[in-house]
Amino acid sequence: MNFPAKTKRDFKVVGTRVARPDGVDKVTGRALYGADFSVPGMLVGRILRSPHAHARIRNIDASRAEALAGVKAVVTAADFGVPEDAALRDIQDNCMAREKALYHGHAVAAVAAKDAETAKAALKLIEVDYEVLPHVTDVDAAMAADAPVVQEGRADETVPEGSGPNVTMYTEFGHGDLEAGFAKADLVLERSFKTEATHQGYIEPHACLATLTGGRGELWCTTQGQYLVRELCAGILGMEASQLRVTASEIGGGFGGKTTVFIEPVALALSRKSGRPVKIVMTRSEIFCATGPTISSSMDVKIGITRDGRITAGEATLRYQGGAFPCETVSMGAQAAFAAYDLEAVRTYGWNALTNRPKEAAYRAPGAPVSIYAVESVVDELCQEFGLDPLEIRLRNAARDGTKASYGPTFDQIGLVATLEAAKAHPHYTAPLGENQGRGLSCGFWFNFGGNTCVSLNLNNDGTVGITEGNPDIGGSRASISMMAAEELGIPYDKVRTVITDTNSLGHNDVTDGSRVTFAVGLATIEAARAAIKVMCARVAKIWGIDEEAVVWEDGHAKPSGPNAGDFDPMSIEEIAAIASETGGPIAGHHEVNAEGAGVSFGVHLADVEVDPETGATKVVRYTVFQDAGKAVHPDYVEGQMQGGSVQGIGWALNEEYIYDEDGRLQNAGFLDYRIPVASDLPMIEPVILEIPNPGHPYGVRGVGETSIVPPLAALSNAVSRAAGIRLHELPMSPPKILKAMMSKG
Amino acid sequence: MQYLKPQSIEEAADILSRNAGKARILAGGTDLLVQLKSGMIEPEMIVDIKHLDGMHDITEEDGGYRVGAAVPGIKLGQHAGVKALWPGVVEACELIGSTQIQGRCTMVGNLCNGGPAADSVPAMVAADATVRIAGPNGARDCAVFDVPTGPGKISLEPGEFVTSVFLPARPARASDAYLRFIPRTEMDIAVASAGVSLELGEDGTITAARVTLGAVGPKVMLVENAARAIIGTTLDDDAAEALAAACRDAASPIDDKRGTVEFRTQVAGVLAKRAARIAMTRAGEK
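Encoded structure:
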């Protein structure tokens, strides 16, 4: 393997498994989450939600609620303005319905009262006059010309004339001559798929505490991005950013679902109206009904292959729904669908349609799991038709360095082939299978992201280091950031402490998403450390009376070099810090960047399942994840991401789904009937980390948070197909569906 | 909302009869607290019975066992005597909730909640268990089968409450088993379930049997045709298949978020067959 010289270094801290700084507080219950903050005089906020999937709000009479003793404020859409920006307006309308309730659970009013009992009683006194309208929750039904219209006039300029009234966007990616490609194939398979919406399933509910008096606001909340919360809330409430300070609590899971606002603007509006601090904590049922699950889909995939296993062309049409507001997730699905393949002819088409469902929020590699599921299922079926080894076929057609990706760019230094080779060499691939068992394989891909990042690194007087950054830590990033600072400064890990700060203490940081934090915040931290090193070397040069260039930094010490080598005793970081006030004042480094060069990440999953022939129940008996991490800064957390994403994908494949009744009401708004896997459902998931350095990062880091949720869907479907002798083209593959398919096959 | 802690069974019955429809009973509370929290119920008073005499006791009686209304799953599972006599009832009770819930949940609560998918109920009915009911007119006994009448509904009169379950004595070569289907391995509600209790003769053929189904009708089902199908057999494949067919015939489930009619019907037969084989093996090992 050809590693670029700059990433070929011997790491001392990076790559070790140090203790995470937040671990003890979290396991002992001391950590403060969104719902754990209280202040004197605080009111309890509660939200009234639509019992209908689609209804015009003719009138809201809150007078009886307002008259109830202990009620301090009631707000409805009338208490908000109408933002000009369409995206912001959608977010606001999702937080509080204006004119129409667009889905079951859509907020229509909110109350702030002295206690929870009073707030609950007040909600019952609010009279909403609804005109119930026809609704649609299925994506195919929503695409139809005669579908109930969720919102008028939301098609953007990409939508061809004659499309159904709920279609909001159309997109297309690809290259080459499809017709010629399919003509070269010995077999062309075309299959249609459907997948249900799934929820991120974070354990911590959305919660916030808001104060907005005299035009100044303080907001404490659980979020993946305090700066985005500030931007959205300030926009909705008509405030300047400087007047709203947002502090992110510890976060109990997000997976993309906490990258927008649901209750925060409502709490601020209630506080503005009541003059008191207002706390809102969502119930689990509210979370399922009214936060953002991912998309559901309907897809057609067509792939051609030669008898010896060369894929000649691939085509996919994706139809996604992301709820009652325009959603562009299908664009990412369309770009990712064929990313693992080096194809001469490839085309993907993506459509989005509005439905009477909650507004989609990001969920780990948004859009990619389902489109890649469809492609990887058809590739597997082609392998079965021709009796080809599914791993060899992936290797034969794999995207490599220099491949023109199906979505446009040319790949540079990617790890797919190495990942496939690792899977092929692993004992799992050739291990014998038992009765009713089958093995499935799937590739996965995610783009990864860099983005806007600010980091401040301050040298304390005792030579320890404080890092201030602005991205909530959802995957152990405080440890990783401290490790990279320690590595660069040449000091022990425990001499560095990283804190996540509020919006008014550091410049803008993009949300914790896109697997960006270890990459982008890490990169900015390394640069901030280098800036601090430069200052320290300059101070020491002044003390020694030599040129700045003649001082080098090694192992936490400034040392004379070149012609001055050996002239002075090295000065440690502690010594430099101790006399900083005499050499020019406090020492710090900082870095601000819109980071580019987040390398893409590929993964390969191997799944063994056993299907009960009499009940259709699927048990995962062995599972191995191979993924390119670029450089695993903290291997425990990289493995945790690989395992966690796999589990979420396994849940998506087997049992998780949004179930609506014929009135469009969500039937399973709780963890009892929204079936995420429990620990006893799973074998130990074995992670195999590959390190193909990302040239865009000083240490070669690639994001690892998202790719792992992509392959399980097809890996399980392919395994079930081989274990049970039936192929489903629908997720989840719940036992009733599998049993039905097995029984009709006989 | 008032919390009341009566000092005797009579006082509890008195409070309950004077407040019919307004009071709820607290023993383990694992259903009650969930219903309160989710707003499903808004009772005016909670009557705590778990400290009353005998509520936590498991006592031998006529070769069987009387299990108090507040005996939690974990305690039942640790009782060697009950486990040996009625392993199917114990394994059914142990399926309720998680490890934490097991520290509180009770068979009586599971029964009186009236859920068609309650795990311990088909096992208790297969065991031909009875409950002792306290009320304003004194105590009476009633077959477990006659307690539930439909989803969320039970046959108890206002002021009545169950104080214990009685699991009867049985011959030496006899045993039982309970199985449920859930899509996960725990923390779920039965999509279909089956309980089988059987007795073996000297020659190893089945001399008596009770076969029950859960979650495939508005209340627990006692499938006499299924029992008949295996009595006088050694549970050979034909007998097992006849039992499964009788269970499929008897099942009258609904389509809902947890499963389809077709699936529940099919799986009820499969579970009954598998439970019968387990009970057979257990009885044979005695």
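Order-wise, the sequence lines are chains A and B.
Each residue of the first sequence is one higher than the one before, counting from 1 in the working numbering.
Each residue of the second sequence is one higher than the one before, counting from 1 in the working numbering.
Every residue gets a Cβ at the ideal spot worked out from N, C-alpha and C, and that includes glycine.
Note that the coordinates shown come from a computational prediction; the quantities given were computed from them, not determined experimentally.
Helix, strand or coil for residue i, going by three-state DSSP, please let me know.
i: residue 419 of chain A; result: helix
i: residue 533 of chain A; result: helix
i: residue 5 of chain A; result: Interpretation of residue 5 of chain A is limited by its pLDDT of 41, a score under 50 that renders its predicted location unreliable; the figure taken from the coordinates is listed afterwards. Reduced to three states, the DSSP call for residue 5 of chain A is helix.
i: residue 150 of chain B; result: strand
i: residue 127 of chain A; result: strand
i: residue 95 of chain A; result: helix
i: residue 233 of chain A; result: helix
i: residue 650 of chain A; result: helix
i: residue 484 of chain A; result: helix
i: residue 191 of chain A; result: strand
i: residue 225 of chain A; result: coil
i: residue 53 of chain B; result: coil
i: residue 311 of chain A; result: strand
i: residue 747 of chain A; result: Nothing in the structure corresponds to residue 747 of chain A, since chain A is present only between 1 and 746.
i: residue 268 of chain A; result: helix
Note down, in chain order, every chain B residue with its Cβ under 7 angstroms from the Cβ of residue i.
i: residue 247 of chain A; result: Going along chain B, no residue has its Cβ under 7 angstroms from residue 247 of chain A, so there is no contact; the nearest lies around 29 angstroms.
i: residue 681 of chain A; result: 184, 185
Going along chain B in order, which residues have a C-beta closer than 8 angstroms to the C-beta of residue i?
i: residue 436 of chain A; result: Neighbours of residue 436 of chain A on chain B: none; closest Cβ ~14 angstroms, over 8 angstroms.
i: residue 643 of chain A; result: Correct list: empty, because the minimum Cβ distance to chain B is about 18 angstroms.
i: residue 678 of chain A; result: 184, 185, 186, 187
i: residue 668 of chain A; result: 257
i: residue 659 of chain A; result: 257
So is residue i buried or exposed if we call it buried at 16+ other beta carbons inside 10 Å?
i: residue 182 of chain B; result: buried
i: residue 293 of chain A; result: buried
i: residue 54 of chain A; result: buried
i: residue 492 of chain A; result: exposed
i: residue 170 of chain A; result: buried
i: residue 51 of chain B; result: exposed
i: residue 539 of chain A; result: buried
i: residue 73 of chain B; result: buried
i: residue 62 of chain B; result: exposed
i: residue 2 of chain A; result: Low confidence applies to residue 2 of chain A: its pLDDT is 33, below 50, so where it sits in the model is not reliable enough to give any reading.
i: residue 32 of chain A; result: exposed
i: residue 604 of chain A; result: buried
i: residue 1 of chain B; result: exposed
i: residue 160 of chain A; result: exposed
Which residues in chain A have a C-beta closer than 8 angstroms to the C-beta of residue i? List them in chain order.
i: residue 263 of chain B; result: 616, 735, 736, 739, 740
i: residue 183 of chain B; result: 617, 654, 655, 675, 734, 735
i: residue 258 of chain B; result: 673
i: residue 270 of chain B; result: 614, 615
For residue i and residue j, which I take to be in contact (beta-carbon distance under 8 angstroms), what is that distance rounded to the nearest angstrom?
i: residue 318 of chain A; j: residue 268 of chain A; result: Not quite, the Cβ-Cβ distance comes to about 37 angstroms (not below 8 angstroms), so this is no contact.
i: residue 618 of chain A; j: residue 609 of chain A; result: 5 angstroms
i: residue 94 of chain B; j: residue 81 of chain B; result: Not really, about 16 angstroms apart at Cβ, beyond 8 angstroms.
i: residue 628 of chain A; j: residue 713 of chain A; result: Between residue 713 of chain A and residue 628 of chain A the Cβ distance is about 20 angstroms, and since that is not below 8 angstroms, they are no contact.
i: residue 284 of chain A; j: residue 205 of chain A; result: 7 angstroms
i: residue 633 of chain A; j: residue 701 of chain A; result: 6 angstroms
i: residue 90 of chain B; j: residue 111 of chain B; result: Actually they are not in contact, since the Cβ atoms of residue 90 of chain B and residue 111 of chain B sit about 15 angstroms apart, beyond 8 angstroms.
Residues of chain A with CB closer than 9 angstroms to the CB of residue i, please, in chain order.
i: residue 237 of chain B; result: Those within 9 angstroms of residue 237 of chain B in chain A number zero; the least Cβ separation is about 13 angstroms.
With DSSP as the reference, please indicate the residues paired to residue i in a beta bridge.
i: residue 454 of chain A; result: A/592
i: residue 686 of chain A; result: A/624
i: residue 210 of chain B; result: B/197
i: residue 497 of chain A; result: A/466
i: residue 57 of chain A; result: A/130
i: residue 218 of chain A; result: A/211, A/245
i: residue 166 of chain B; result: B/66, B/130
i: residue 730 of chain A; result: A/194
Taking 7 angstroms as the cut-off, does the CB of residue i come closer than this to any heavy atom belonging to the ligand HEM?
i: residue 296 of chain A; result: Of ligands this structure carries none, so the ligand HEM is not represented either.
Against residue i, what residues of chain A qualify as contacts under a CB-to-CB distance less than 7 angstroms, listed in chain order?
i: residue 2 of chain B; result: Under the 7 angstroms cutoff, chain A gives no residues; its nearest Cβ is about 15 angstroms from residue 2 of chain B.
i: residue 267 of chain B; result: 615
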